[in-house]
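Undergrad: This note's numbering applies: residue 795 is where the sequence shown begins, and numbers increase by one. Note that the Cβ used here is the ideal one computed from N, Cα and C, for glycine as well.
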Amino acid sequence: MSAEKKSSSNVMRAAEILMALGDANPPGLTLSDLATQLGDAKSAVHRALVALSQFGLVEQSGRRGAYRLGPGIYALANKSHSINDMVNFYRPALISISAETGLSSYLMVRSGLDSVCLDFALGTLPIQAMFEGVGGRLPLGVGLGGICVLAQMDDAARDRIIEINTERYARWGVDTETVMQEIAMLKTEGYVFGTRKHGGGGEIKTIAFPAEKANTFNSQAAISLLLPTDTDSSDLKAFLKAYKRISIS
């Protein structure tokens, strides 16, 4: 166990457990899985799980000895009026964008060092996303929605997040130079367009825009659209035109 882990607070440990379970597959994670993933002692992780389960934030799944997020998490999420209001505000735009363009569209919002998907509308084109639906997370700078979020931040905060996330970028084949170039593109063009890799090894083309009026909900957010891999400049202009026509004014 590292010195950093030895000094971890109970709150930090509980937060790391919830994040790990949020990223896990439906069957959940065992105590051993969690201890290994967190680099922490089984006894400490078990105490945290017991405490979290008392509030319904985690529960044991059908798989013997495995844990998953509990109903208390979803109850808390549904009490967050600003998030619910934000989703309800942007959902008609997502549906309209996807209906007109055939592209899947996603509402991404900043959550600490990550961008998290709050809502999406599937298009007619079968394009694989980098994450699975609502609650999917990416380090800020990996997804182009995250690029939009970074561009909205003050320079010092943005640079610090990029510095912290640099090690995480390698998994996705992203480098800091690309991130900075895309931020510059957004500030010049009002949108960012680029290519990323998904878990299956293929490539995804994405265009993303800062979500207008996100500051109304005290959030930094973006709307991103998944594009066909053969998208050319004329296609891109058509998508831009459709987005601007439908986008919330």
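Could you tell me the alpha carbon to alpha carbon distance between residue 820 and residue 896, rounded to whole angstroms?
TA: The sequence position of residue 820 within the sequence shown is 26, counting from 1. The sequence position of residue 896 within the sequence shown is 102, counting from 1. Going from the Cα of residue 820 to the Cα of residue 896 covers about 29 Å.
Undergrad: Would you call residue 801 buried or exposed, if buried means 16 or more other Cβ atoms sit within 10 Å of its Cβ?
TA: Your numbering for residue 801 matches position 7 in the sequence shown. Note on residue 801: pLDDT 41, under 50, position unreliable in the model; no value is reported.
Undergrad: Ignore the nearest five residues each way along the sequence and tell me which others in residue 977's own chain have a CB closer than 7 Å to its CB.
TA: Translated into positions along the sequence shown, residue 977 becomes position 183. Within the same chain, residue 977 has close Cβ partners 941, 944 and 945.
Undergrad: Measuring CB to CB, does residue 828 end up less than 8 Å from residue 880?
TA: Counted from its first residue, the sequence shown places residue 828 at position 34. Counted from its first residue, the sequence shown places residue 880 at position 86. Their beta carbons are not under 8 Å apart, which means residue 828 does not touch residue 880 by this criterion.
Undergrad: Going residue by residue through the stretch 925-977, where are the continuous alpha helix (DSSP H) segments of at least 4 residues, counting only ones entirely within it?
TA: As far as the stretch 925-977 is concerned, its whole alpha helix (DSSP H) runs of at least 4 residues are 938-945 and 949-963.
Undergrad: Counting along the chain, where does the beta strand (DSSP E) carrying residue 988 start and finish?
TA: As a position in the sequence shown, residue 988 is number 194, starting the count at 1. That run of the beta strand (DSSP E) goes 986-991.
Undergrad: For residue 838, name the three-state secondary structure that DSSP assigns.
TA: As a position in the sequence shown, residue 838 is number 44, starting the count at 1. In the structure shown, residue 838 sits in a helix (DSSP, three-state: H, G or I).
Undergrad: Which residues mark the beginning and the end of the beta strand (DSSP E) in which residue 1015 is found?
TA: In the sequence shown, the residue the question calls residue 1015 occupies position 221. From DSSP, the beta strand (DSSP E) with residue 1015 extends over 1015-1021.
Undergrad: Per DSSP, what kind of secondary structure is residue 916 in: helix, strand or coil?
TA: As a first step, residue 916 is located in the sequence shown; it is residue number 122 there, counting from the start. Reduced to three states, the DSSP call for residue 916 is coil.
Undergrad: Give the straight-line distance between the Cα atoms of residue 1014 and residue 952, rounded to the nearest whole angstrom.
TA: On the sequence shown, position 220 is the one that residue 1014 refers to. On the sequence shown, position 158 is the one that residue 952 refers to. The alpha-carbon atoms of residue 1014 and residue 952 are separated by roughly 12 Å.
Undergrad: Quick one: any contact between the stretch 1023-1033 and the stretch 959-968, if contact means 3 or more CB pairs under 8 Å?
TA: Touching, no, given that fewer than three Cβ pairs across the two stretches are closer than 8 Å.
Undergrad: Does DSSP put residue 1003 in a helix, a strand or coil?
TA: Taking the first residue of the sequence shown as position 1, residue 1003 is located at position 209. Three-state result, residue 1003: strand.
Undergrad: Below 6 Å CB to CB, which residues in the same chain sit around residue 986 once its five sequence neighbours on both sides are set aside?
TA: In the sequence shown, counting from the first residue as 1, residue 986 sits at position 192. 938, 941, 976, 979, 980 and 1002.
Undergrad: Distance, Cα to Cα, residue 1024 vs residue 920?
TA: Locating residue 1024 in the sequence shown gives position 230, where the first residue counts as 1. Locating residue 920 in the sequence shown gives position 126, where the first residue counts as 1. C-alpha separation (whole angstroms): 13 Å.
Undergrad: What does a CB cutoff of less than 7 Å around residue 797 pick up in its chain, not counting 5 residues either side in sequence?
TA: What you label residue 797 is simply residue 3 of the sequence shown in a count that begins at 1. Unreliable placement is indicated for residue 797, whose pLDDT of 38 sits below 50; no coordinate value is reported for it.
Undergrad: Relative to the C-alpha of residue 968, which residue among 988, 982 and 983 is closest?
TA: Position 174 of the sequence shown holds residue 968. Residue 988 is the option with its Cα nearest to residue 968.
Undergrad: Rounded to a whole number of angstroms, what is the C-alpha to C-alpha distance between residue 928 and residue 835?
TA: Taking the sequence shown and counting its residues from 1, one reaches residue 928 at position 134. Taking the sequence shown and counting its residues from 1, one reaches residue 835 at position 41. Answer to the nearest angstrom: the Cα atoms are 31 Å apart.
Undergrad: Output the distance between the C-alpha atoms of residue 998 and residue 900, rounded to the nearest integer angstrom.
TA: In the sequence shown, counting from the first residue as 1, residue 998 sits at position 204. In the sequence shown, counting from the first residue as 1, residue 900 sits at position 106. C-alpha separation (whole angstroms): 14 Å.
Undergrad: Out of 812, 955, 905 and 840, which has the shortest C-alpha to C-alpha gap to residue 863?
TA: The residue given as residue 863 occupies position 69 in the sequence shown. Measuring from the Cα of residue 863, the nearest candidate turns out to be 812.
Undergrad: Check for me: the beta strand (DSSP E) holding residue 854 runs from which residue to which?
TA: The count along the sequence shown starts at 1 and reaches residue 854 at position 60. Start and end: 852-854.
Undergrad: If we call anything under 8 Å between Cβ atoms a contact, is residue 1036 one with residue 891?
TA: Position 242 of the sequence shown, counted from the first residue, corresponds to residue 1036. Position 97 of the sequence shown, counted from the first residue, corresponds to residue 891. Taking 8 Å as the Cβ cut-off, residue 1036 and residue 891 qualify as a contacting pair.
Undergrad: My understanding is that residue 823 touches residue 861, with C-beta atoms under 8 Å, so please give their C-beta distance in whole angstroms.
TA: In the sequence shown, the residue the question calls residue 823 occupies position 29. In the sequence shown, the residue the question calls residue 861 occupies position 67. The pair is a contact, with the Cβ atoms about 6 Å apart (cut-off 8 Å).
Undergrad: Pull up the distance between the alpha-carbon of residue 908 and that of residue 1004, whole angstroms please.
TA: Sequence index remark: in the sequence shown, residue 908 carries index 114 (1-based). Sequence index remark: in the sequence shown, residue 1004 carries index 210 (1-based). Distance between the alpha carbons of residue 908 and residue 1004: 16 Å.
Undergrad: So residue 1027 is in the alpha helix (DSSP H); what residue range does that whole segment cover?
TA: Here the question's residue 1027 lines up with position 233 in the sequence shown. Segment 1027-1040, the alpha helix (DSSP H) holding residue 1027.
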